[in-house]
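Peer 1:
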Amino acid sequence: MSQELLVNITPQETRVAVLDNGSVQEIHIERSRSRGLVGNIYLGEVSRVLPGMQAAFINAGLQRTAFLHASDINAGQAVVEGAPREQPPIQQLLREQQRIMVQVLKDPIGSKGARLTTQIAIPSRYLVLLVDNPGLGVSARIESNAERERLREIGLSLLGEDSPNGCILRTAAEGVPEAALTRDWAFLQRLWAAVRERAEEAQPATLLHEDLPLMLRVLRDLVGDDVERVRIDSREWHERMIAFSEAFLPDARSRLEHYPGERPIFDLYGVEDEIQRALQRRVTLKSGGYLIIDQTEALTTIDVNTGGYVGHRTLEETIFKTNLEAAQAIVRQLRLRNLGGIIIVDFIDMADAEHRRQVLRALDKSLERDHARTQISEVSALGLVEITRKRTRDSLQHQLCETCPTCSGRGYLKSAETVVHEITREILREARQFEITRLLVLASQEVVDRALEEESDSFAELEAFVGKPIEFQAEPLYNPEQFDVVLM
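One point on numbering: in the UniProt record's numbering, the residue at position 79 of the sequence shown is 79, and numbering is uninterrupted.
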């Protein structure tokens with residue numbers, strides 16, 4: 001399957017679209033005022049140690065204190081008979097006001113601060129340097145045993161006998177000559193030496209190392225053998241990306257193209273329309289079925305429906321084909337919307353066990369191309385499939401949208417009838433407590449219309465009951481749930 005990357009750059013933001021055979025699969029967005037923090041290294045200071053949670057809050061100079069769990073602290077534990085020693089309690093590892101070098105694992109999401117680790121890992125094109133964490137690993141995506149062994153031997157020679165650090169050979173290292181891997185390792189060594197030197201002179205809450213901007217991370221992380229070309233709509237950044245690739249990624253140089261067209265590159269490939277569709281709850285399937293996707297703070301739910309698809313044979317066959325199509329569409333939506341955490345999929349109930357197995361296989365096969373780590377459960381007794389997908393940054397919806405100020409994120413509003421009844425109860429409450437001559441109700445136009453039309457008889461009876469006139473005034477700036485009862 002051939003891939004193409006589209007890079008759209010403006011002074012305010014950078015957007016990258018990943019296309020498989022012309023179909024948009026992923027959207028990456030980085031705004032100049034709110035760049036992602038994952039991979040950044042800071043000199044932090046321990047603000048508070050929480051033994052009950054086995055965690056600590058760290059002041060790293062970010063908007064909110066960041067979170068460091070004991071399991072993410074490099075305690076230097078030795079390995080005995082293949083098993084690591086038990087993790088010491090957090091109070092034995094950290095103390096308040098202690099200086100500590102940390103790296104961001106997860107960006108701040110919602111009201112949560114960034115998640116940190118002291119297990120520093122610095123990636124390059126082919127390798128990952130593991131600071132103070134000796135060991136050697138080879139990417140599981142490299143399947144050839146001979147190639148894995150070759151890379152392992154190269155990795156051992158790079159590390160030497162007494163290196164305190166470790167190394168991972170990334171998928172991109174497959175087939176790469178030893179000389180190129182040696183240059184990559186030397187670059188990482190120089191980079192880490194510079195970070196350590198800055199840390200010795202810096203004060204706490206200081207940024208020591210910032211990860212590459214999005215357009216250069218794309219070259220480092222996404223441009224593999226299956227990427228045919230990378231089209232950039234900025235001449236300046238096209239030249240900078242060429243310079244970067246010549247210095248670090250010579251194989252990517254020939255695939256970089258400048259897009260000079262007048263028509264916006266995302267419009268040309270239909271990416272803008274895909275982004276708009278990715279913000280909607282409903283996803284239409286080609287067969288006529290559809291998905292309903294709802295994000296909550298705890299999890300994401302995906303409901304599969306046959307919709308207008310009636311099939312040509314039996315009901316069971318119709319359900320099976322809809323679920324098969326839905327499995328592929330779901331994986332695309334996970335990548336496109338960057339949905340992470342727990343995802344619950346409610347497939348249409350299938351009576352045939354073989355159909356259930358085939359749908360799960362289709363789901364698993366489609367996830368093979370997903371860069372994020374995922375796990376799939378079996379179909380539960382209730383017919384649900386649970387997927388966990390690693391989340392390191394906000395979803396597309398959270399990046400592009402904000403909570404509705406009218407409904408505060410509920411997704412629904414009280415009806416005009418409900419608000420009118422609340423006004424009635426408030427009038428009764430106020431009339432019993434205070435001496436008044438008349439009452440003035442301020443509300444939205446829809447609520448006022450409801451009170452003066454459908455509910456006019458009820459308010460006439462209410463006036464008679466309280467013995468005071470009730471007047472209504474429409475306020476154009478009030479939301480449908482807002483009202484005030486003014487005592488005159």
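Think of the CB as a built atom: it goes at the ideal place given N, C-alpha and C, for glycine as much as any other residue. All values derive from a computational prediction rather than experimental measurement.
In or out: C401 buried (at least 16 other Cβ within 10 Å) or exposed?
Peer 2: Burial call: exposed.
Peer 1: How far does the alpha helix (DSSP H) with R115 in it reach, from first residue to last?
Peer 2: R115 -> not in any alpha helix (DSSP H); beta strand (DSSP E) instead, spanning R115 to T117.
Peer 1: Can F67 and G36 be called in contact, C-beta distance under 9 Å?
Peer 2: The answer is no: Cβ separation not under 9 Å.
Peer 1: Assign Q103 to one of two classes, buried (16 or more other C-beta atoms within 10 Å of its C-beta) or exposed (fewer than that).
Peer 2: So Q103 ends up on the buried side.
Peer 1: Tell me whether M488 is buried or exposed, calling it buried when 16 or more other Cβ atoms sit within 10 Å of its Cβ.
Peer 2: Looking at its Cβ environment, which holds fewer than 16 other Cβ atoms inside 10 Å, M488 is exposed.
Peer 1: Within the same chain, show all residues whose beta-carbon is closer than 7 Å to that of S366, passing over the 5 residues directly before and after it, in chain order.
Peer 2: The residues are A327, Q328 and V331.
Peer 1: If I follow the unbroken alpha helix (DSSP H) through Q482, where does it start and stop?
Peer 2: Segment: none, Q482 is in no alpha helix (DSSP H) and carries neither H nor E.
Peer 1: If you draw a straight line from the alpha carbon of E426 to that of V419, how long is it in whole angstroms?
Peer 2: One C-alpha to the other measures close to 10 Å.
Peer 1: Near W61, which residues of its chain fall below 6 Å by C-beta distance, leaving aside the five closest residues on each side in sequence?
Peer 2: The identity of residue 61 in the sequence shown is Gly, whereas the question assumes Trp. Taken in chain order, the residues that qualify are A205.
Peer 1: What does the Cβ neighbour count give for P84, buried or exposed, with the cut at 16 atoms within 10 Å?
Peer 2: Because the pLDDT of P84 is 46, which lies under 50, any placement of that residue in the model is unreliable, and the question is left without a value.
Peer 1: Indicate whether the contact test is met: 3 or more Cβ pairs, each with one atom in the region 124-136 and one in the region 170-190, closer than 8 Å.
Peer 2: Taking 8 Å as the limit for Cβ pairs, the verdict is that the region 170-190 does touch the region 124-136.
Peer 1: Would you be able to state if there are at least three C-beta pairs under 8 Å between the region 373-389 and the region 337-356?
Peer 2: As far as the Cβ criterion goes, the region 337-356 touches the region 373-389, which means the pair count is three or higher.
Peer 1: From this set, R148, I29 and L156, which residue's C-alpha is nearest G135's C-alpha?
Peer 2: The candidate whose alpha carbon is nearest that of G135 is L156.
Peer 1: Helix, strand or coil, according to DSSP, for R31 in the structure here?
Peer 2: It is a strand residue.
Peer 1: Tell me which same chain residues have a C-beta within less than 7 Å of the C-beta of L130, skipping the five on either side of it?
Peer 2: Hits under 7 Å: A121, N165, G166, C167 and I168.
Peer 1: In terms of alpha-carbon separation, which member of F483, E228 and P250 lies closest to E475?
Peer 2: Closest option to E475, Cα to Cα, is F483.
Peer 1: Among E13, Q445, R196 and L336, which one has its Cα closest to the Cα of D20?
Peer 2: Here the closest residue by C-alpha is L336.
Peer 1: Indicate whether V227 and M241 have their beta-carbon atoms separated by less than 9 Å.
Peer 2: Cβ distance not < 9 Å, so V227 and M241 don't count as in contact.
Peer 1: May I ask which residues mark the beginning and end of the alpha helix (DSSP H) holding R282?
Peer 2: Not the alpha helix (DSSP H): R282 falls in the beta strand (DSSP E), residues R282 to T284.
Peer 1: Using the three-state DSSP reduction, which class does R361 fall into: helix, strand or coil?
Peer 2: Note: R361 maps to helix in three-state DSSP.
Peer 1: State the CB to CB distance for the pair I9 and I232, rounded to an integer number of angstroms; the pair is presumed to be in contact (CB under 8 Å).
Peer 2: The Cβ separation is near 7 Å, so the contact holds.
Peer 1: Tell me which residues share the same chain as Q98 and place their Cβ nearer than 8 Å to its Cβ, disregarding the 5 neighbours each side in the sequence.
Peer 2: So the list reads E45 and V46, once near-sequence residues are dropped.
Peer 1: Report back the beta-carbon spacing between V466 and A431 to the nearest angstrom; my notes put them in contact at under 8 Å.
Peer 2: Correct: roughly 4 Å between the Cβ atoms.
Peer 1: Answer yes if the region 293-309 comes into contact with the region 22-40, meaning at least three C-beta pairs across the two stretches below 8 Å, and no otherwise.
Peer 2: No, because fewer than three Cβ pairs between the region 22-40 and the region 293-309 fall closer than 8 Å, the two stretches do not touch.
Peer 1: By the three-class DSSP mapping on this structure, what secondary structure does H371 have?
Peer 2: Reduced to three states, the DSSP call for H371 is coil.
Peer 1: Helix, strand or coil for R389? Go by DSSP, reduced to three states.
Peer 2: Correct three-state label for R389: strand.
Peer 1: Who pairs with K321 in a beta bridge, going by DSSP?
Peer 2: In DSSP, K321 forms no bridge with anything.
Peer 1: Can you tell me which of the three DSSP states A146 falls into?
Peer 2: A146: helix per DSSP, three-state reduction.
Peer 1: By Cβ distance below 7 Å, which residues in the same chain neighbour Y259 in space, the five residues on each side in sequence not counted?
Peer 2: These residues qualify, in order along the chain: R231, I232, D233 and I265.
Peer 1: Going by other Cβ atoms of all chains shown within 10 Å of its Cβ, with 16 needed for buried, is S444 buried or exposed?
Peer 2: Buried.
Peer 1: Throw me the rounded Cβ distance for the Q54 and I90 pair, which I believe falls under 8 Å.
Peer 2: Between I90 and Q54 the Cβ distance is about 5 Å, and since that is below 8 Å, they are a contact.
Peer 1: In the region 216-289, which residue ranges form an unbroken beta strand (DSSP E) of at least 3 residues, counting only runs that do not cross its ends?
Peer 2: Whole beta strand (DSSP E) segments, 3+ residues: 227-232, 256-258 and 282-284.
Peer 1: Quick check: what's the CA-CA separation for Q25 versus R255?
Peer 2: If I take the Cα positions, the gap works out to 20 Å.
Peer 1: Below 7 Å CB to CB, which residues in the same chain sit around R64 once its five sequence neighbours on both sides are set aside?
Peer 2: Around R64: P108 and G113.
Peer 1: Using CA atoms only, rank isn't needed, just tell me which of V486, P480, L477 and E453 is closest to K468.
Peer 2: Nearest of V486, P480, L477 and E453 to K468, Cα basis: V486.
Peer 1: What first and last residue would you give for the beta strand (DSSP E) that runs through E475?
Peer 2: From DSSP, E475 is part of no beta strand (DSSP E); its letter is neither H nor E.
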